[in-house]
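Visitor: Here's a structure for you.
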Amino acid sequence: MSTPKILFFILFFFFSFLSFSQQNKGLTVTGQVVEKSGQTVPFATIVIEKTDLSMISDENGKFIFKNVKPGRYTIKVSAIGFSGFKKSIEVSGTGINIPVQLDNELQELENVSVLGRSAVEKINKQAYNVTAVDAKKLHNSTLDLAHALDRVSGVRFREAGGVGSRSELSINGFSGNQIKIFIDGVPMDNFGSSFQINNIPINLADRVEVYKGVVPIWLGGDALGGAVNIVTNSKPRTYVDASYSFGSFNTFKTAVNAGYTSKSGFTTEINAFQNYSDNNYWVNVEAQNLENNQYYKETRVRRFHDNYHNETVIFNIGITGKKYADKLMVGFTAGQNKADIQTGARMVSVFGERFRRGNTLMPTLKYQVKDLFTKGLNVNVTGNFNFGYEQTVDTVNRRYNWFGQYDPRPGLGGEAERSLYKFKNNNGVATFNATYAIGERHSLLINNTFNMFDRKGSDELYPESITYQQPQKLQKNILAAAYKFDYNEKWSTSLFVKNYDLSTTLTRSYNPSGNWGDVAYVELNDKSSNLGYGGASSYYLKQNLQLKASYEKSYRLPTSDEIFGNPNDNVQGNNNLKPESSNNINLGFSYQTSFNNVNALTFDINGIYRNSTDFIRSEFNNNQNKTVTVNLGGVRTKGVDGEIRYSYKKRFTSGLNMTYQDIRNMTKYELGENFVSYYYKDRLPNIPYLFGNLDATIFFDDVFKKGNNLSVGYNLLYVHSYYLYWPSSGTSSGKHDIPVQFKNDLNVVYTMANGKYNVALECQNLMDNELVDNFSLQKPSRAFYVKFRYFFNKSNK
């Protein structure tokens, strides 16, 4: 059955429920659940006793019962970590509104702050293996979003250098495009090089949700091994958050986030940021001095051709808080960037003139409405289209070394390949998400994500070349439906199904005559469709002990860069790639406790098992100057990650997380071979399998003046040694390994006037250790930074 037909029948079924729901309207019972401080209590369970009426409150603690018969009832409310609530009510007239205030069940917790995760606890209580990072607690740091995620268990952020360098996230062994990144639920597949996770300041986010393994379908797309959802503060408000930082390697960063909401609901938002760095940090390399021909097996030099800058502005305008639209915003994202290219895929390739640049020009639309046509139907529609371009400039025919010296080469050429190739990806994404509550325990969800790509490019050095006139088109459509059953406050289960459609158009060259230089092209059109499915369940054995389990048969479709290549990122295309699939299983539990009125502990442990087919991974091309993605027949992943966090009042907090992942090549026979592969059951190369973080922070209140606070923090990143190539390759003494790494960071933050004015001092890589990532590319040496931040917020009542 085709996707349009599937969508038609789902929508027909969906709206049949809507029609039924509009019949037999009765009285309503509404309310909101809060704690003593006035803070809302999300996802509380509300039951009207001696009836079949029960439900879960929304994220703002609100609830509504429909079709309640007149009479006297007893309402019961319960929530994890709070004592129960009971009240007799009488339903008459048009209905009743009930304010509900809960007391903390563990009274000693009133004096204990489990710092770092308490503000996002409701996200961590989902049935999925998810960790939420409270970004607000990091707003005074100079971290970007990617480096903040590097401190989450199971997550590694890997980059090719300093500020603005090529990068990718890895979650439990899956990396790159196997991990999908969203901003407020919108896929970032087409945002361009000016708007990437490692150049977005942490101040843009309210929180960051990290899904490890199975991903809920409301995050539409084809994530195989996990997803990251950057959640901005989208509540209507009037505020200004401005910051400026500077430090080592001539690095400057500026961010301004501001918004205004009038009483009528008129809303404007602006987010602007810029990053600049010379990235001239120290590296240890092999080099030969051209002046005296002396060869140095290992010498310490500065990077000399790695300047980076980007500027981005996001502007939105619209209305909020209306009956027909909780939010209707139109916007535009504009950005540009320029990055010198210091090396190829390995550090033995050194460049001195080559660079890349690009921009983002993207109109956007966001529409959200609750209770559309009927109570319980919530709809969210988004759309964007990027008209921006990308370009690599390589026109200087020289051969550089690490001392900045060069040998000129005769004739026309370039350092890697002579090029002024400029292209537009003409990439658009549209999403539709709808949820509908059937009664108080059941709900349906539909999500559809459509992605289109149509690359157009040219090279003014070769204006007549027909190579750049060949079509490079790709379309993806992922349609998903889910059913959620909330049996009670202890047990919740979701089941879902996904349909993955992929369509590509490209050409392959051939020689029609056999004569040298005679090239012709044949157009190829390919379509594929795959069906995935899965489920997730959560059960509370006790109020503070949660068990989680999830399973998914998932698919990941090849991306445009993997199929067609990307000159800006030294990526060679492979149009023979097949979609990869995986059976993912996640098991975990979390536990919270407190003692002696001042101490609190939390424990989280998660286990993973994944069996992947046609696993897509990066490796060197034949010339080892670019990377290329290939299919690996079978890969098995087993692993565990866990975190322990301790807090003492609001004075001290410390946490330790560790991740172990055993990722093995289970491809017994290589394609076309009849003997067992040399690499059968080898660990996958260039992927760390043991790593973790340790952090500790001390807090001092009312330093020098009431309302002025000081904190001193420390973070240690540990990565165990691992092999760059297949472990079975080479001799025992000649294997290339990436050694054990320790990264020590210190920070001191002083806040004044209850957070209105803030100053932060940071030292990253305190011990000046050598840190390496993708294919042994070295990351920055010791660096110092200072950040100034101003924050003003006016609540809208």
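Here my numbering = 1-based position in the sequence shown + 297.
Built from N, CA and C at the ideal position, the CB exists for glycine as well.
No experiment lies behind these values; they were computed from the predicted model shown.
Where does Ser-545 fall in DSSP's three states?
Guide: Sequence index remark: in the sequence shown, residue 545 carries index 248 (1-based). Three-state result, Ser-545: helix.
Visitor: Do the segment 949 to 966 and the segment 984 to 1004 make contact, defined as three or more Cβ pairs closer than 8 Å?
Guide: Segments in contact, yes.
Visitor: Quick one: which unbroken beta strand (DSSP E) runs of 3-plus residues sit fully inside the segment 882 to 960? Chain order, please.
Guide: Correct list: 896 to 917, 924 to 945.
Visitor: From what residue to what residue does the alpha helix (DSSP H) around Ser-857 run?
Guide: Stepping through the sequence shown from its first residue, residue 857 is reached at position 560. 857 to 861 is the span of the alpha helix (DSSP H), which, as asked, contains Ser-857.
Visitor: Check whether the Cβ atoms of Ile-478 and Ala-777 lie closer than 8 Å to each other.
Guide: For the purposes of this step, residue 478 is taken as the residue at position 181 of the sequence shown. For the purposes of this step, residue 777 is taken as the residue at position 480 of the sequence shown. Contact: no.
Visitor: So Lys-1110 and Tyr-836 are in contact, right, with Cβ under 8 Å, and what is the actual spacing, rounded?
Guide: Residue 1110 is absent from the structure shown; the chain starts at 298 and stops at 1094.
Visitor: Report the three-state DSSP secondary structure of Asn-656 (helix, strand or coil).
Guide: If you number the sequence shown from 1, residue 656 lands on position 359. Correct three-state label for Asn-656: strand.
Visitor: For the segment 786 to 869, which segments carrying the beta strand (DSSP E) assignment without a break, of at least 3 residues, lie completely within its bounds, in sequence order?
Guide: With a minimum length of 3 residues, the continuous beta strand (DSSP E) runs that stay inside the segment 786 to 869 are 788 to 807, 817 to 839, 842 to 853.
Visitor: In this structure, what does DSSP give as the bridge partners for Ser-878?
Guide: In the sequence shown, counting from the first residue as 1, residue 878 sits at position 581. In DSSP, Ser-878 forms a bridge with Tyr-852, Thr-910.
Visitor: Please classify Asn-1006 as buried or exposed, where buried requires at least 16 other C-beta atoms within 10 Å of its C-beta.
Guide: Residue 1006 sits at position 709 when you count from the first residue of the sequence shown. Looking at its Cβ environment, which holds 16 or more other Cβ atoms inside 10 Å, Asn-1006 is buried.
Visitor: Between the segment 672 to 684 and the segment 724 to 731, do at least 3 Cβ pairs fall closer than 8 Å?
Guide: Yes, the segment 672 to 684 touches the segment 724 to 731.
Visitor: How many whole angstroms separate the CB atoms of Arg-448 and Asn-1062, which I take to be in contact at a CB cut-off of 8 Å?
Guide: As a working note, residue 448 is residue 151 in the sequence shown. As a working note, residue 1062 is residue 765 in the sequence shown. With a Cβ gap of about 14 Å, Arg-448 and Asn-1062 do not count as contacting.
Visitor: Okay, do the segment 833 to 851 and the segment 880 to 890 touch, 3+ Cβ pairs below 8 Å being the bar?
Guide: Touching, per the Cβ criterion.
Visitor: Going by alpha carbons, who is nearest to Asn-278 out of Lys-620, Tyr-621, Leu-625?
Guide: There is simply no residue 278 to check, as the chain begins at 298 and stops at 1094 in what is shown.
Visitor: Just tell me which of Lys-875, Thr-890, Val-610, Phe-861 has its CA closest to the CA of Leu-842.
Guide: Within the sequence shown, the letter at position 545 stands for residue 842. Per the Cα distances, Thr-890.
Visitor: DSSP state of Asn-474, grouped into three classes?
Guide: Stepping through the sequence shown from its first residue, residue 474 is reached at position 177. Asn-474: helix per DSSP, three-state reduction.
Visitor: How would you label Asn-526, buried or exposed, when you count the other beta carbons within 10 angstroms and need 16 or more for buried?
Guide: As a first step, residue 526 is located in the sequence shown; it is residue number 229 there, counting from the start. So Asn-526 counts as buried.
Visitor: Decide yes or no for the touch test of the segment 480 to 491 against the segment 821 to 830: beta carbon pairs closer than 8 Å, at least 3 of them.
Guide: No, the segment 480 to 491 does not touch the segment 821 to 830.
Visitor: Among the candidates Leu-1014, Asn-971, Ser-1026, Pro-1036, whose CA atom is the shortest distance from the CA of His-444?
Guide: Residue 444 sits at position 147 when you count from the first residue of the sequence shown. It is Leu-1014.
Visitor: Relative to the C-alpha of Gln-869, which residue among Leu-741, Phe-972, Thr-924 is closest?
Guide: Within the sequence shown, numbered from 1, the residue matching residue 869 stands at position 572. Of Leu-741, Phe-972, Thr-924, the residue nearest in Cα terms is Thr-924.
Visitor: Could you work out which residue in Asp-623, Glu-608, Gly-510, Asn-872 is closest to Phe-1096 when comparing CA atoms only?
Guide: In the structure as shown, the chain starts at 298 and stops at 1094, and residue 1096 therefore has no counterpart that could be examined.
Visitor: Just tell me which of Thr-371, Gly-459, Ser-380 has its CA closest to the CA of Asn-577.
Guide: Position 280 of the sequence shown holds residue 577. Checked all of Thr-371, Gly-459, Ser-380; the closest Cα to Asn-577 is Gly-459.
Visitor: With a cut-off of 8 Å on the beta carbons, I'd call Arg-653 and Ala-636 a contact; round off their distance for me.
Guide: Counted from its first residue, the sequence shown places residue 653 at position 356. Counted from its first residue, the sequence shown places residue 636 at position 339. Confirmed, about 5 Å.
Visitor: Report the residue from Phe-720, Arg-914, Lys-753 whose alpha carbon sits nearest the alpha carbon of Leu-874.
Guide: Numbered from its first residue, the sequence shown carries residue 874 at position 577. Taking only the C-alpha atoms, the option nearest Leu-874 is Arg-914.
Visitor: Please name the residue in Val-507, Lys-532, Arg-534, Thr-535 whose C-alpha comes closest to that of Gly-523.
Guide: Working through the sequence shown from its first residue, we reach residue 523 at position 226. Of Val-507, Lys-532, Arg-534, Thr-535, the residue nearest in Cα terms is Val-507.
Visitor: Among residues of its own chain, excluding the 5 on either side of Tyr-1082, which ones have a beta-carbon nearer than 6 Å to its beta-carbon?
Guide: Translated into the one-based positions of the sequence shown, residue 1082 becomes position 785. Excluding positions up to five away in sequence, the list reads Thr-439, Ser-542, Gly-544, Glu-1059.
Visitor: Which residues share a DSSP beta bridge with Gly-615?
Guide: Locating residue 615 in the sequence shown gives position 318, counting from the first residue. Its beta-bridge partners are Thr-564, Met-626.
Visitor: Could you compute how far the alpha carbon of Asn-894 sits from the alpha carbon of Phe-782?
Guide: Looking up residue 894 in the sequence shown gives position 597. Looking up residue 782 in the sequence shown gives position 485. Answer to the nearest angstrom: the Cα atoms are 37 Å apart.
Visitor: Between which two residues does the beta strand (DSSP E) carrying Leu-991 extend?
Guide: For this step, residue 991 is matched to residue 694 along the sequence shown. 987 to 997 is the span of the beta strand (DSSP E), which, as asked, contains Leu-991.
Visitor: Which one of Glu-820, Gln-772, Ser-791, Asn-812 has the shortest CA to CA distance from Ser-800?
Guide: Translated into the one-based positions of the sequence shown, residue 800 becomes position 503. Residue Gln-772 is the option with its Cα nearest to Ser-800.
Visitor: Could you confirm whether any beta carbon from chain B is found closer than 8 Å to the beta carbon of Glu-970?
Guide: The chain labelled as chain B is not found in the depicted structure, where only one protein chain is given.
Visitor: Buried or exposed for Trp-699, going by 16 or more other Cβ atoms inside 10 Å?
Guide: Locating residue 699 in the sequence shown gives position 402, where the first residue counts as 1. Its Cβ being crowded by 16 or more others within 10 Å, Trp-699 is buried.
Visitor: What three-state label does DSSP hand Tyr-784 in the structure shown?
Guide: Position 487 of the sequence shown, counted from the start, is the residue given in the question as residue 784. Looking at Tyr-784 - three-state DSSP - the assignment turns out to be coil, as it is neither helix nor strand.
Visitor: Going by DSSP, which residues form a beta bridge with Met-749?
Guide: Stepping through the sequence shown from its first residue, residue 749 is reached at position 452. Answer is Gly-725, Gln-772, bridged to Met-749.
Visitor: Inspect the CB distances between the segment 895 to 903 and the segment 929 to 941 and report whether three or more fall short of 8 Å.
Guide: These segments touch.
Visitor: Thinking C-beta only, is Asp-751 closer than 8 Å to Tyr-765?
Guide: Here residue 765 refers to the residue found at position 468 when the sequence shown is read from its first residue. Here residue 751 refers to the residue found at position 454 when the sequence shown is read from its first residue. No; because the gap between Cβ atoms is not below 8 Å, this pair is not in contact.
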